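Numbered per this note's numbering, the sequence shown spans residues 187 to 425. Ideal Cβ positions, reconstructed from N, Cα and C, are used throughout, including at glycine. The structure presented is a predicted model; accordingly, all values stated were derived computationally and were not measured.
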Amino acid sequence: MTVRAVRVLGCADVVVHDGLVPDAILDLAPAGARRISVAKRKSRHTYAQEEINRLLVGLALEGLSVVRLKGGDPFIFGRGGEELEACREAGISCEVVPGVTAALAASASAGAPLTHRQVAQAVTFVTGHAAGEGEPDLDWAALARPNHTVVVYMGASTAGRIASRLVAAGRAPSTPALVGFRASRPDELRVTTRLADLAAAAAVDAGPALLVIGEAMESALASVPEAPVIQPIAREERA
Ligand SMILES: C[S@@+](CC[C@H](N)C(=O)[O-])C[C@H]1O[C@@H](n2cnc3c(N)ncnc32)[C@H](O)[C@@H]1O
Numbered sequence: 187m188t189v190r191a192v193r194v195l196g197c198a199d200v201v202v203h204d205g206l207v208p209d210a211i212l213d214l215a216p217a218g219a220r221r222i223s224v225a226k227r228k229s230r231h232t233y234a235q236e237e238i239n240r241l242l243v244g245l246a247l248e249g250l251s252v253v254r255l256k257g258g259d260p261f262i263f264g265r266g267g268e269e270l271e272a273c274r275e276a277g278i279s280c281e282v283v284p285g286v287t288a289a290l291a292a293s294a295s296a297g298a299p300l301t302h303r304q305v306a307q308a309v310t311f312v313t314g315h316a317a318g319e320g321e322p323d324l325d326w327a328a329l330a331r332p333n334h335t336v337v338v339y340m341g342a343s344t345a346g347r348i349a350s351r352l353v354a355a356g357r358a359p360s361t362p363a364l365v366g367f368r369a370s371r372p373d374e375l376r377v378t379t380r381l382a383d384l385a386a387a388a389a390v391d392a393g394p395a396l397l398v399i400g401e402a403m404e405s406a407l408a409s410v411p412e413a414p415v416i417q418p419i420a421r422e423e424r425a
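What follows is the structure, given as structure tokens:
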């Protein structure tokens with residue numbers, strides 16, 4: 187979180203937050219502030235985006251100071267843009283406070299830079315989640331270019347298909363990759379692998395995960411970080 191985020195939380199009348207927000211962060215709001223979780227739940231009611239928008243607008247129109255607390259950065263695969271539009275349409279003035287997106291957290295804790303002068307001149311954030319059925323509509327030829335880091339959000343369950351597409355488009359199967367689960371949390375888990383074995387690496391855990399693929403991840407393979415690191419046995423070693 188930024189210092190600005192801590193300051194605005196400290197002035198909130200209401201905090202509308204996603205799941206997985208630690209109590210230590212919610213406690214930065216005044217003791218009397220209302221806390222409303224709009225987390226996705228498996229069994230109980232799940233808030234539709236429209237409902238969240240209406241909730242935010244309704245609370246703000248009551249004259250309350252509303253903090254919408256989201257994981258990472260609100261504008262990176264966070265639907266912050268939709269919520270902002272709904273508030274603007276209702277004539278509510280808003281301030282957007284940036285956050286540390288999961289890609290930055292995962293790369294920092296692995297000690298593996300997303301860009302590197304010699305081996306990664308670009309980084310691209312993509313979603314592994316298709317809007318409709320099937321796989322995401324991505325420019326595989328562009329993503330397969332060497333010396334380029336590809337970060338896939340919401341891609342753990344489609345890791346096998348993503349790896350196959352990248353390899354078919356020309357990315358080397360030996361390209362280093364990192365799967366970062368629960369990056370920056372105390373129970374963070376990092377799995378280092380190669381593109382050819384990405385699916386197996388992504389299957390070792392079910393927490394929120396990022397796939398980070400690219401030559402610059404070689405340093406994640408080489409590092410000795412504090413979080414538990416699993417290095418699945420490569421195919422040729424298993425054979
Ligand atoms: C809806 S997106 C929200 C991203 C968020 N706005 C951000 O900037 O990090 C949720 C996805 O982000 C990734 N993610 C979020 N937090 C994560 C974490 N701590 N570690 C690894 N991946 C995470 C996962 O791919 C997860 O499925």
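In this structure, I416 has its CB at a distance of at least 6 Å from all heavy atoms of ligand 1. K256 is positioned such that its CB atom lies closer than 7 Å to that of G264. The three-state reading of DSSP puts G258 in coil, since its state is none of H, G, I, E or B. Taking the Cβ of T310 as the reference point, every heavy atom of ligand 1 lies at 6 Å or farther away.
When the Cα atoms are used, L397 and V336 turn out to be separated by approximately 8 Å. As computed with DSSP, T379 is found in a beta bridge with A363. Residue range R220 to S223 is occupied by the beta strand (DSSP E) that includes R220. For L270, the enclosing alpha helix (DSSP H) has its first and last residue at G266 to E275. The stretch 198-208 and the stretch 243-255 touch, with three or more beta-carbon pairs separated by less than 8 Å. Around the CB of M187, fewer than 16 other CB atoms lie within 10 Å, so the residue is classed as exposed. L396: not part of any alpha helix (DSSP H); member of the beta strand (DSSP E) spanning A395 to I399, first to last residue.
In this structure the stretch 361-370 touches the stretch 384-391; the number of beta carbon pairs closer than 8 Å is three or more. For V189, the enclosing alpha helix (DSSP H) starts and ends at V189 to L195. The Cβ-Cβ distance between L384 and P359 does not fall below 7 Å. Just measuring C-alpha positions, the residue of I238, T301, G285 and H302 sitting nearest A272 is I238.
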